[in-house]
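The structure under discussion appears below in the form of structure tokens.
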Amino acid sequence: MDQKLSRGRTFAQEPQAPKRPTTHTWHGVTLTDEFAWLKAGNWPEVMRDPAALDPEIRSYLDAENAYCDAVLADTETMQAQLLTEMKGRIKEDDDSVPVADGPYAYFEHFREGGQHPVVCRLPRAGGPIQVMLDGDALAQGRVFFDLGPSRHSPDHNLLAWSADEAGSEYYTLRVRDIASGADLADIVVDTAGPPVWTADSSTFYYVRLDAQHRPSRVYRHRLGTPASDDALVFETTDPQYFVSLSDTQSGRFAVISVHDHETSAAWLVDLTLADTAPQPIAPLEPSVRYDVEHHPSLNGSPVLIFRTNAGGADDFKLAFAPLDAPARENWRDLVPHRPGVFILSFSVFADWLFWLEREDGLPRIVVQRLSNGERHSIAFPEEAYSLAINPGLEFATDVLRFTYSSMTTPSEVWDYDLATRSRSLRKRQEIPSGHDFANYVTRRLLAPTADGEMVPISLLHHRKTPINGTAPALVYGYGAYGIAIPAAFSTNRLSLVDRGFVFAIAHVRGGTEKGWGWYRNGKLAKKANTFHDFIAATEFLIEQGWVSPAKVIAQGGSAGGMLMGAIVNERPDLFAGIVAEVPFVDVLNTMLDDTLPLTPPEWLEWGNPRTDADVFRTILSYDPYENVRAQHYPAMLVFAGLTDPRVTYWEPAKWVARLRSRRIGDTLLALHTNMGAGHMGASGRFDRLKEIALAYAFAIKVALADTAKSRSPAPVRTAAE
């Protein structure tokens with residue numbers, strides 16, 4: 090075996106975690122976990138303060154990091170080159186497109202060399218730019234710093250802003266006087282998401298995390314009072330549900346949403362009234378979801394508008410009801426359900442209703458004038474692309490902003506005049522090192538599965554890459570929570586594509602690329618469809634000659650990392666390498682432990698193995714950690730975050746330890762734990778690139794190794810075929 094991929098011929102010694110078996114029995118099955126000790130007994134404290142980690146566990150993770158550095162030392166030059174390339178594609182001195190709100194337009198600025206955004210505004214009547222918040226200055230001297238969402242007050246005098254200084258996603262909320270640049274005495278800890286201001290700018294509502302890191306309560310904070318006096322205005326005690334907070338486009342109401350992955354309900358808080366109680370809309374009903382907007386005068390009466398799957402509308406519809414009678418029995422269709430046309434999101438202006446829908450995997454924007462019902466759509470010609478609506482901050486406007494990109498086309502921000510149907514390009518993503526979209530080819534393919542489905546694949550390659558079965562490939566997958574992976578532009582992946590890689594996204598079941606049914610057929614008892622889809626997509630790319638059978642790297646993170654763990658157990662022969670980022674791989678143990686962050690809400694996605702023996706056996710059948718066995722595995726690079734509250738650090742650490750103890754052979758197996766970050770990795774925009782460069786250098790090393798098996802190439806295919 091080539092020494093670059095073999096542990097036996099490197100000078101570094103693999104860390105070997107001590108085995109200290111513990112057992113527990115569920116439904117007559119005894120599970121043995123020899124590496125359970127890697128879970129710190131004081132893990133909640135570690136989430137907040139990484140220095141509290143047990144020294145023995147820290148020593149082991151440090152040893153793994155040192156080993157990772159050693160076995161990938163031969164890629165350091167490549168990593169540096171990749172980092173230079175990726176930084177060279179970032180316009181360092183850059184601004185977002187200003188968003189108008191009354192007398193100001195708000196935007197973010199990045200300075201040259203800066204890691205964090207500077208939050209600014211510009212008077213619309215003219216005048217100098219005003220800096221409200223300097224992320225770089227706030228981050229100085231901190232190992233980790235993530236600037237959370239900020240919201241200015243309706244009178245434009247104050248800015249509520251938040252930051253996470255550990256990577257654990259506990260945000261501390263502060264209020265800044267914009268004129269003086271000084272923060273007020275008001276400080277609120279353990280918050281999640283943006284606050285919502287009352288109309289008089291004296292008070293804001295916010296969501297607070299509980300001891301299980303679950304957003305479960307909404308509080309009201311009046312400026313100038315201690316946070317300990319904040320009024321609890323809403324709480325859900327059911328551990329299955331999350332709480333989130335937003336405001337309607339009209340600005341009249343705050344919306345408190347209670348939701349899991351299948352069900353949701355909402356309450357309204359009138360922002361023009363002081364100390365008012367939340368008013369329910371329609372109660373929680375199993376498997377019924379709805380989002381809500383407010384319109385003050387639809388056909389002369391105030392109404393609520395809903396995006397919902399109620400009444401069997403699996404791919405969602407739009408409905409409305411009187412504001413003073415919002416119960417379900419009063420909902421009337423506004424845009425009826427159309428099977429196969431999935432409505433992703435919607436919003437409303439004074440005279441316009443608009444929504445984003447997806448049909449056959451491709452998105453489009455549809456616009457309806459409320460005064461006359463006239464409707465038209467905005468579509469695009471490329472085979473695969475990404476589209477997002479940005480409603481902005483104003484209600485009485487005819488201008489809709491949207492963002493478009495494809496795997497070959499850099500991001501474009503457009504303002505669309507709804508009345509004239511004319512477009513104005515506000516910003517095109519600038520690539521300082523240059524980008525010629527004509528050098529790249531994007532395709533949308535469909536891979537057949539054994540059960541008769543067709544898995545969409547979004548594909549990108551350089552026009553000079555031979556499509557004859559010799560190209561290396563990186564195949565990316567996720568497939569969970571109904572999240573669709575967009576065929577969007579990425580400057581970073583060009584570093585692979587320019588080196589002859591084919592980059593593919595397998596839109597497997599578990600996402601909503603083909604509607605809500607695509608999601609439901611990739612969860613719970615049907616979770617294995619996600620893994621089989623990814624394998625089928627990879628096999629299709631090989632069989633059709635798009636990629637080399639010996640040079641395929643698979644990549645996925647979080648729930649996509651669980652996908653990586655499942656496929657590598659089932660088909661280790663199909664992949665030359667695996668990149669698993671913060672992988673959710675200890676599924677069964679996590680779902681059995683209801684004291685862990687976020688476990689009860691996850692039961693709707695995976696099932697509850699504590700109470701259901703069938704669910705237990707289903708998860709056991711695919712759980713990556715439980716199914717590690719004595720077989721040859723491909724080269725693997727695994728990432729973890731010490732303060733990650735979503736996929737706790739010990740999951741990937743235990744998985745790597747068990748892989749080491751059971752696998753046959755000595756292929757490269759490395760674990761990199763970010764000791765100062767959580768689920769999202771490093772916090773600075775350039776620091777994040779270092780981890781991407783490491784992953785890509787690993788992929789290049791493995792896919793282009795001399796040990797790649799030689800097989801007969803497929804016939805040459807031209808880019809046009």
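Heads up, the sequence shown is in the numbering used here, so the first residue is 90 and it goes up one at a time.
A virtual CB, placed ideally from N, CA and C, is assigned to each residue, including glycine.
Rounded separation between residue i and residue j - CA only
i, j, result
"P521", "R178", "5 Å"
"D266", "E448", "46 Å"
"Q52", "I478", "Because the chain in this structure spans residues 90 to 810, residue 52 falls outside the shown range and cannot be described."
"A159", "A129", "26 Å"
"D138", "E258", "12 Å"
"W607", "G600", "6 Å"
"E542", "A788", "30 Å"
"A399", "R490", "29 Å"
"A771", "V208", "The predicted position of A771 is uncertain, since its pLDDT is 49 and thus under 50; no value can be drawn from it."
"E134", "A141", "7 Å"
"L758", "S750", "11 Å"
"E670", "N581", "16 Å"
"L360", "R752", "60 Å"
Rounded distance between the beta-carbons of residue j and residue i, thought under 8 Å
i, j, result
"Y570", "H350", "6 Å"
"S291", "N246", "Not a contact, Cβ separation roughly 11 Å."
"T498", "L549", "Contact flag wrong, Cβ pair sits at about 11 Å."
"A560", "G604", "At roughly 32 Å, the Cβ-Cβ gap does not stay under 8 Å, so A560 and G604 are not in contact."
"S547", "A593", "7 Å"
"V285", "G481", "Not confirmed; about 16 Å, so no contact."
"A228", "Q204", "7 Å"
Exposure of residue i, with buried meaning 16 or more beta-carbon neighbours within 10 Å
i, result
"T112", "exposed"
"D336", "buried"
"N678", "buried"
"A742", "buried"
"V278", "exposed"
"I574", "buried"
"V899", "Lying before the first or after the last residue shown, residue 899 is absent from the chain, which here runs from 90 to 810."
"H768", "Because the pLDDT of H768 is 45, which lies under 50, any placement of that residue in the model is unreliable, and the question is left without a value."
"K180", "exposed"
"H465", "exposed"
"K790", "buried"
"K616", "buried"
"K406", "buried"
"N763", "buried"
"H310", "buried"
"E715", "buried"
"F526", "exposed"
"D506", "exposed"
"S513", "exposed"
Secondary structure of residue i, DSSP reduced to three states
i, result
"E382", "strand"
"F705", "helix"
"W605", "helix"
"A508", "coil"
"P192", "coil"
"G38", "Since the first and last residues shown for the chain are 90 and 810, residue 38 lies out of range."
"M543", "strand"
"I624", "helix"
"D712", "coil"
"I631", "helix"
"G401", "helix"
"D587", "coil"
"D163", "helix"
"T679", "helix"
"F787", "helix"
"W503", "strand"
"M764", "coil"
"T406", "Per the sequence shown, the amino acid found at residue 406 is Lys instead of Thr. Strand at K406."
Residues of its chain near residue i, where Cβ-Cβ distance is below 6 Å and the 5 sequence neighbours each way are ignored
i, result
"N610", "R598, N618"
"L693", "D349, H350, E351"
"A784", "V668"
"L613", "G696"
"R210", "Y193, Y195, Q219"
"D380", "R396"
Other residues of its chain near residue i: CB distance less than 7 Å, five sequence neighbours each side excluded
i, result
"I708", "V676, L677, M680, W695, G696, P698"
"T688", "T679, M680, D682"
"L760", "E153, C157, V727, A729, P741, A742, V745"
"P104", "Y149, A152, E153, Y156"
Beta-carbon contacts of residue i that lie in its chain and below 8 Å, excluding the five residues immediately before and after
i, result
"S390", "P411, L412"
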